[in-house]
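Heads up: the structure comes next, in structure tokens.
Numbering (the UniProt record's numbering), first residue to last: 1 to 170.
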């Protein structure tokens with residue numbers, strides 16, 4: 001696979017993309033194992049903890065990660081299929097506020113994450129370099145299909161680090 005170029009994605013996603021070292025496909029596959037394992041080790045009673053007033057709970061952060069992966073994969077699919085219609089943004093705060101994530105177990109999130117990620121890996125696996133290099137406008141920004149792979153992996157890295165630092169004090 002061709003590497004990601006700086007003109008493949010808008011600067012707003014740099015914080016996610018910069019967390020990626022090595023092969024992004026290998027990282028996406030590795031996260032299928034490491035993220036559910038990470039969730040398994042969150043101490044009992046901590047999953048509904050928010051580190052400050054108005055911040056999401058750990059369950060809400062995890063639900064947000066999964067929802068965002070779905071949205072990014074949908075965008076990648078549209079652009080890979082050469083759909084040139086501009087895609088509007090989404091409001092993560094609204095998604096979380098309307099999802100009832102705190103009613104669920106971390107185990108249910110782990111199961112859902114694995115299934116969503118496996119599905120998305122199959123999508124990306126069967127795209128060729130031409131399809132991966134296609135671009136479209138999402139949230140008023142030009143972005144390539146390939147970039148969504150990095151954003152998905154990096155977004156998870158970003159939020160796992162936040163959970164470690166701000167929620168678990170690691």
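We treat Cβ as the ideally placed atom computed from N, Cα and C, and that holds for glycine.
Cβ pair count under 8 Å reaching 3, the region 96 to 111 against the region 63 to 77: By the C-beta criterion, the region 96 to 111 is judged to be in contact with the region 63 to 77, since at least 3 inter-stretch pairs fall below 8 Å.
Contacting residues, own chain, Cβ-Cβ under 7 Å from residue 20 (five flanking each side not counted): If we look at residue 20 and ignore the five residues flanking it on each side, its Cβ neighbours are 27, 150, 153 and 154.
Cβ-Cβ distance between residue 31 and residue 166 below 8 Å: Contact flag unset, no.
Nonlocal neighbours in the same chain, by C-beta distance under 7 Å from residue 72, ignoring five residues either side: Same-chain partners within the cutoff: 148, 151 and 152.
Sequence ranges, beta strand (DSSP E) only - wholly within the region 24 to 63, length at least 3: Counting only runs of 3 or more, we get nothing.
Nearest neighbour of residue 5, chosen from 44, 169 and 132 [CA to CA]: The option with the nearest alpha carbon to residue 5 is 132.
Cβ pair residue 77, residue 136 closer than 8 Å: Not closer than 8 Å, so no.
Secondary structure of residue 6, DSSP reduced to three states: If DSSP states are grouped into helix, strand and coil, residue 6 belongs with the helices.
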